[in-house]
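Student: Got a structure for you, written out below as structure tokens; questions coming shortly.
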Amino acid sequence: MRLYLQFILRYFKYGKKRSFSSNAINLATIGLAIGVFSLLVTISVIKGFENVLSNKLVNIDGKIRLKTIFGSSISELDKIDLTILQSNPKMNVTPFVRGSVVIHKNKVNEGLLLEGVNYLPSFDNLVDGEKFVNGDEIIIGSSLAESLKLDSSEALYLVPLDGFIGDVKNLKYYKLIFRRAFTTGMDEYDRNLAYVSINTAQKIFNMNDKVSGYIINSDVKTDDLLKSLNGGVKYPYFLETWMDRHQVIFAWIRTQTLPIVIIFSLITLVGITNVMATVSLLVNERSKEIGMLLSQGFQKYQIRNIFLIESGLIGLIGSTIGVLLAIFFTFIQSRYNFIQLPVEVYFMNSLPIAFDYNLCFVIMLLSLFITIFSSFLPIKTIFDNKIPKLLKN
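Add 636 to a position in the sequence shown, counting from 1, and you land on the number used in the working numbering.
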């Protein structure tokens, strides 16, 4: 092993005169590092985007919503096995009321979804689980509040649209007090969603003691929660997960993920190809030394191992540098958010990123394995020559 290291360090050692192959080692290492870095950052961004989007949607919609097939209201006194749900300490079941309204301020009218809940979602500027203090208060998305130029305690007028048939003059207005704005980081919600207390929503939509459905949350995964509930919910009720409600968005993400990963994997593959070319240069440059070693009794496998270990070191150093750069980039972006995104397009104001250490380990192993495996061909080629021919080179 010491003999192997002597030869390997000799090829890696840079003196005053650098050969073309020694410079090629540098370039191959840098190329592989760039490829690994690009692939890891790309996968981390995709995963971060999915995580941030998933957390936002679960926070707003809950993991599962129980509703009726025809969208009719549910009496809180109806026996739909909710007692079974509420008896499970791992589940949190809360009613909600949802409907469409038009909000009016001065001469400006805006349509939005109004949701009545007992507890507010945990938005950035709201306390988790905070209750409404007064029944006549309303909390509006920040984008809509900004466009309406709302001030705290300002009066707003709401007109319910659900089920309305008749003359516009017969519309009933409800006066509510603007409390403050919430921010989800998703412009679609910040512009089109508002919250009131569930009692106020029942009054506005003339639902008496009925609700639109139930929000079900739990610490367990959504799929596991859905499986545990499916047996207790029967027609005309059904369960809708947050993924069902937003399946178009996640289908788009999945569609984009594969080609993006393939493209950036090709960058890594180019780096690995450079390693193979570098090993070929090293073998050809050292052909005379190889001939001398063979003439002195060295076995072919011993010489082969020298170059395989060297290519493995190039792969290890290159992939390690790429991983360290990716970790550094992830840390900087997570902490300082220096890459900003337009909220209207990406549903978030900064580039999300989530580093997967398990995947990082797999990519490092694959890079190392492929770089070593790709070096067999150039090494095998040099052994096809006879010793006298090698010594003449």
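Think of the CB as a built atom: it goes at the ideal place given N, C-alpha and C, for glycine as much as any other residue. Please read all numbers here as calculations on a predicted model, not as lab measurements.
Would you list the one or two residues that DSSP bridges to residue 620?
Tutor: The structure shown has nothing for residue 620, since the chain only spans 637 to 1029.
Student: So what does residue 918 bridge to, in DSSP terms?
Tutor: DSSP, once it has assigned bridges, lists no residue as partnering residue 918.
Student: Which residues bound the alpha helix (DSSP H) around residue 990?
Tutor: Neither: residue 990 is in no alpha helix (DSSP H) and is coded neither H nor E.
Student: Between which two residues does the beta strand (DSSP E) harbouring residue 811 extend?
Tutor: First-last of the beta strand (DSSP E) with residue 811: 810 to 818.
Student: Can you give me the C-alpha to C-alpha distance between residue 913 and residue 948, rounded to a whole angstrom?
Tutor: 14 Å
Student: Alpha carbon to alpha carbon, what distance is there between residue 822 and residue 986?
Tutor: A straight-line Cα-Cα distance of about 11 Å links residue 986 and residue 822.
Student: Can you determine whether any heavy atom of the ligand MG sits closer than 7 Å to the C-beta of residue 756, and answer yes or no?
Tutor: Looking at this structure, you won't find the ligand MG or any other ligand, since it has none at all.
Student: Pull the bridge partners of residue 793 from the DSSP assignment, please.
Tutor: 740, 811
Student: Quick one: is residue 990 near chain B, going by C-beta distance under 8 Å?
Tutor: Here there is only one protein chain, and chain B is not present.
Student: Excluding sequence positions up to five away, which residues of its chain have a Cβ less than 7 Å from the Cβ of residue 1008?
Tutor: 944, 947, 948, 951
Student: Mapping the DSSP letters down to three states, classify residue 711 as helix, strand or coil.
Tutor: Strand at residue 711.
Student: Using C-beta distances below 7 Å, list every residue in its chain close to residue 651, excluding the 5 sequence neighbours before and after it, in chain order.
Tutor: Since pLDDT at residue 651 reaches only 42, below the 50 mark, its modelled position is unreliable, and no value is offered.
Student: Measuring alpha carbon to alpha carbon, tell me which of 1014, 1005, 918 ends up nearest residue 955.
Tutor: 1005
Student: Under 6 Å Cβ to Cβ from residue 674, same chain only, skipping five residues before and after it: list those, please.
Tutor: Counting only Cβ-Cβ distances below 6 Å, and skipping sequence neighbours, we find 900, 903.
Student: Based on Cα-Cα distance, which residue from 791, 700, 812 lies nearest to residue 839?
Tutor: 812
Student: Ends of the beta strand (DSSP E) at residue 821?
Tutor: Note, residue 821: premise wrong, no beta strand (DSSP E); not H, not E.
Student: Just how far apart, CA to CA, sit residue 975 and residue 668?
Tutor: 25 Å
Student: Assuming residue 981 is part of the beta strand (DSSP E), what are its boundary residues?
Tutor: Membership of residue 981 in any beta strand (DSSP E) is not indicated; the residue belongs instead to the alpha helix (DSSP H) covering 979 to 982.
Student: Okay, do the segment 841 to 848 and the segment 856 to 863 touch, 3+ Cβ pairs below 8 Å being the bar?
Tutor: The segment 841 to 848 is not in contact with the segment 856 to 863.
Student: According to DSSP, is residue 775 helix, strand or coil?
Tutor: strand
Student: Mapping DSSP to helix, strand and coil, what is residue 972?
Tutor: helix
Student: Compute the beta-carbon to beta-carbon distance between residue 851 and residue 734, rounded to the nearest angstrom, for a pair I have assumed lies under 8 Å.
Tutor: So it is not a contact: roughly 10 Å between Cβ atoms.
Student: Please state whether DSSP places residue 735 in a helix, a strand or coil.
Tutor: strand
Student: Counting Cβ pairs, one atom from each stretch, are 3 or more of them under 8 Å apart for the segment 746 to 759 and the segment 779 to 794?
Tutor: yes
Student: Based on the DSSP output, what are the partners of residue 751 in its beta bridges?
Tutor: 734, 831
Student: With respect to the beta strand (DSSP E) encompassing residue 875, which residues constitute its N-terminal and C-terminal limits?
Tutor: For residue 875, the uninterrupted beta strand (DSSP E) segment begins and ends at 873 to 877.
Student: Considering only residues of the same chain and omitting the five flanking positions on each side of residue 989, which have a CB-CB separation below 7 Å?
Tutor: 680, 681, 684, 966, 969, 970
Student: Are the CB atoms of residue 758 and residue 691 within a distance shorter than 8 Å?
Tutor: no
Student: What number of angstroms, rounded off, separates the C-alpha of residue 632 from the C-alpha of residue 776?
Tutor: As shown, the chain starts at 637 and ends at 1029. That puts residue 632 outside it, with no answer to give.
Student: Can you tell me where the alpha helix (DSSP H) with residue 705 in it begins and where it stops?
Tutor: Neither: residue 705 is in no alpha helix (DSSP H) and is coded neither H nor E.
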